[in-house]
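For the sequence shown, my numbering gives the first residue as 76, with consecutive numbering after it. Note that the Cβ used here is the ideal one computed from N, Cα and C, for glycine as well. Note that the structure is a prediction, hence the values are computed from the model and not measured.
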Amino acid sequence: NREPAAFALYGYMGGKFLGQAIEKAGSTDKEKIIDAMEGLTIDTPVGKATLRKEDHQVAIPMSYGVVAKVNGTFTGKDLHTLSPEEIMPSIDAILKARSK
């Protein structure tokens with residue numbers, strides 16, 4: 076009984092994306108799953124996560140802050156959250172970079 080590691084979130088999201096894509100595709104065919112994943116949005120413990128169709132990057136809010144020990148447990152303090160739009164390159168920027 077311990078707190079999950081920080082990166083456990085990404086495994087959880089990957090499994091959730093895959094499960095919902097298989098359900099949406101109605102198949103385990105690889106190409107159908109890819110098509111179903113593109114643009115798919117899921118609910119996660121940190122908010123909505125969307126797999127962008129254009130570059131297959133997952134857009135999620137990102138938080139940062141100070142890690143402090145409180146009552147013997149490390150926890151985040153003074154947390155700030157940025158939206159995906161604030162931290163990710165725009166689709167236009169991605170497409171422009173690819174055309175070079």
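Item, Value
"Bridge-paired residues (DSSP) for K123", "D118"
"Every unbroken beta strand (DSSP E) inside the stretch 76–160 [3 residues or more]", "116–119, 122–126, 137–145 and 148–157"
"C-beta atoms of I97 and I108 nearer than 8 Å", "yes"
"Nearest-angstrom Cα separation, counted from M163 out to Q132", "9 Å"
"Beta-carbon spacing of T119, M88 below 8 Å", "yes"
"C-beta atoms of I135 and G122 nearer than 8 Å", "yes"
"Exposure label - A80; buried when at least 16 CB within 10 Å", "exposed"
"As assigned by DSSP and simplified to three states, the class of Q175", "A quick correction: the sequence has Lys, not Gln, at residue 175. Residue state, collapsed to three classes: coil."
"Rounded straight-line distance, which links the Cα of A111 to that of S138", "28 Å"
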